[in-house]
Amino acid sequence: MKKTILSLALLAGLTSAAQAQTGLKLGLKGGFNGATFSGTDSKGSQYKAGFAAGGLLNYGFSDLISVQGELLYSQKGGSRDYDNGAGKTYTDKTTLGYIDVPILLKVTAGDGGKGPFFELGPQGSFVLHQRSFTEDSGGKQVGPSYTSTDALNKVVIGYVAGIGYQLTSGLGIGLRYTGDLSQVYKDGGTAVATTVGGVTTTVTNPNVHNSVFQLQAHYLFGGK
Numbered sequence: 001m002k003k004t005i006l007s008l009a010l011l012a013g014l015t016s017a018a019q020a021q022t023g024l025k026l027g028l029k030g031g032f033n034g035a036t037f038s039g040t041d042s043k044g045s046q047y048k049a050g051f052a053a054g055g056l057l058n059y060g061f062s063d064l065i066s067v068q069g070e071l072l073y074s075q076k077g078g079s080r081d082y083d084n085g086a087g088k089t090y091t092d093k094t095t096l097g098y099i100d101v102p103i104l105l106k107v108t109a110g111d112g113g114k115g116p117f118f119e120l121g122p123q124g125s126f127v128l129h130q131r132s133f134t135e136d137s138g139g140k141q142v143g144p145s146y147t148s149t150d151a152l153n154k155v156v157i158g159y160v161a162g163i164g165y166q167l168t169s170g171l172g173i174g175l176r177y178t179g180d181l182s183q184v185y186k187d188g189g190t191a192v193a194t195t196v197g198g199v200t201t202t203v204t205n206p207n208v209h210n211s212v213f214q215l216q217a218h219y220l221f222g223g224k
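The numbering of the sequence shown is this note's numbering, which starts it at 1 and goes up by one.
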């Protein structure tokens, strides 16, 4: 009888532990983006502020290992100062809007599903919109804004790597870097002549990639 009771207690304990360590959780997240361009034609690119926000699904195989998929709206782009050749300085500013879909392996180093975590995985990004324009040294827009996405690659592939801290309440904070392997613009774009400050220049699609640091907070519903 004692052996039977002990066996049942042990089974109940193992079942409870398994339930605590595994399962599907839904979540929300959002935060700050510091975005710029990297790549062959990125010389002079500067960071611009943006944001990211959306939802996530996290499936835990244990307190240590989980897989997390996210669906985020994310602002990217960058700015670049240049001299037009006539002694005047201008700034090109570009804001790009994407839907990011990262699939991440998440390792949580603490006990009970809380503590420091590390995440790594691929990301697919789908362009939604863009706005590009030029400002003079006084911050005044010169020339038209460009909003067409025709010159952009509609889907780009990249990667995500990050660290953070998870609480058992479901609240967490993280810092991550996302970099694109695909170019922002299509190869072999048609040259476009633009005139700024009385100087006409011919612009072709640059070879650049999105490069973004993200500081994010999230909440997992169903956290312990």
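Using N, Cα and C, we set each Cβ at its ideal position, and we do this for glycine too.
- Quick one: give me the first and last residue of the beta strand (DSSP E) that Thr94 is part of. Along the sequence shown, read from residue 1 onward, the residue named residue 94 stands at position 94. Taken as a continuous stretch (DSSP letters only), the beta strand (DSSP E) holding Thr94 covers Thr89 to Thr108.
- Item | Assigned secondary structure, Asn58 (DSSP; H/G/I helix, E/B strand, else coil) | Walking along the sequence shown from the start, residue 58 turns up at place 58. Three-state DSSP puts Asn58 in a strand.
- In terms of residue numbering, what span does the beta strand (DSSP E) encompassing Pro206 cover? Locating residue 206 in the sequence shown gives position 206, where the first residue counts as 1. In this chain, Pro206 is not harboured by any beta strand (DSSP E), its DSSP state being neither H nor E.
- Query: Do Tyr90 and Asp136 come within 7 Å of each other at the CB atom, strictly closer than that value?
  - Reply: Locating residue 136 in the sequence shown gives position 136, where the first residue counts as 1. Locating residue 90 in the sequence shown gives position 90, where the first residue counts as 1. Yes.
- Query: Looking only at its own chain, which residues have a Cβ that is under 6 Å from the Cβ of Gly110, when we skip the five neighbours before and after it?
  - Reply: If you number the sequence shown from 1, residue 110 lands on position 110. Excluding sequence neighbours, Gly110 sits near nothing in its chain.
- Task: Take the Cβ of Phe275 as the centre, count every other Cβ of all protein chains shown within 10 Å, and call the residue buried at 16 or more, exposed below.
- Result: The displayed coordinates of the chain run from 1 to 224. Any statement about residue 275 would go beyond what the structure contains.
- Item | CB-CB length for Gly179 against Ser211, believed under 8 Å | Within the sequence shown, residue 179 is the residue found at index 179, counting from 1. Within the sequence shown, residue 211 is the residue found at index 211, counting from 1. With 8 Å as the limit, Gly179 and Ser211 qualify as a contact, their Cβ atoms being about 5 Å apart.
- Collapsed DSSP secondary structure at Gly112 in the structure displayed: Taking the first residue of the sequence shown as position 1, residue 112 is located at position 112. Correct three-state label for Gly112: coil.
- Identify whether Ser125 lies in helix, strand or coil by the three-state DSSP scheme. Stepping through the sequence shown from its first residue, residue 125 is reached at position 125. If DSSP states are grouped into helix, strand and coil, Ser125 belongs with the strands.
- Whole angstroms is fine: what's the gap from Gly115's alpha carbon to Ile99's? The residue labelled residue 115 in the question sits at position 115 within the sequence shown. The residue labelled residue 99 in the question sits at position 99 within the sequence shown. Spanning the two alpha carbons is a distance of roughly 29 Å.
- Query: Near Leu208, which residues of its chain fall below 6 Å by C-beta distance, leaving aside the five closest residues on each side in sequence?
  - Reply: Position 208 of the sequence shown, counting from 1, holds the residue named residue 208. Contrary to the premise, residue 208 reads as Val rather than Leu in this sequence. If we look at Val208 and ignore the five residues flanking it on each side, its Cβ neighbours are Phe37, Gly39, Asp41, Ser42 and Val184.
- Item | Span separating the alpha-carbon of Val127 from that of Asn153 | Locating residue 127 in the sequence shown gives position 127, where the first residue counts as 1. Locating residue 153 in the sequence shown gives position 153, where the first residue counts as 1. Distance between the alpha carbons of Val127 and Asn153 is about 8 Å.
- First through last residue of the beta strand (DSSP E) which encompasses Lys29: Start at 1 with the first residue of the sequence shown, and residue 29 comes out as number 29. Taken as a continuous stretch (DSSP letters only), the beta strand (DSSP E) holding Lys29 covers Gly23 to Ser38.
- For Tyr146, I'd like the list of residues in its chain whose CB is within less than 8 Å of its CB, leaving aside the five on either flank, ordered along the chain. To locate residue 146, count along the sequence shown from 1; it is residue 146. Only Gln130, Arg131, Ser132 and Phe133 meet the Cβ criterion.
- Would you check whether the ligand COA has a heavy atom nearer than 6 Å to the C-beta of Gly60? This structure lacks the ligand COA; in fact it carries no ligand of any kind.
- Item | C-alpha gap between Asp187 and Ile157, whole angstroms | Within the sequence shown, residue 187 is the residue found at index 187, counting from 1. Within the sequence shown, residue 157 is the residue found at index 157, counting from 1. Taking the straight line joining both Cα atoms gives about 15 Å.
- Opposite Asp136 in the DSSP bridges: which residues? By one-based count along the sequence shown, residue 136 stands at place 136. Secondary-structure assignment with DSSP links Asp136 through a beta bridge to Tyr90.
- Kindly list the residues whose CB is nearer than 6 Å to the CB of Thr190, restricted to its own chain and excluding five residues on each side of it in sequence; keep chain order. The sequence position of residue 190 within the sequence shown is 190, counting from 1. For Thr190, the predicted model reports a pLDDT of 48, less than 50, meaning its position is unreliable; a value from the coordinates is still stated below. Taken in chain order, the list of residues that qualify is empty.
- Query: Is Leu181 helix, strand or coil by DSSP?
  - Reply: On the sequence shown, residue 181 is found 181 positions in, with the first residue counted as 1. In the structure shown, Leu181 sits in coil (DSSP, three-state: anything other than H, G, I, E or B).
- Message: Less than 7 Å between the beta carbons of Phe51 and Leu215, yes or no?
- Response: Taking the sequence shown and counting its residues from 1, one reaches residue 51 at position 51. Taking the sequence shown and counting its residues from 1, one reaches residue 215 at position 215. Not a contact, by the Cβ cut-off of 7 Å.
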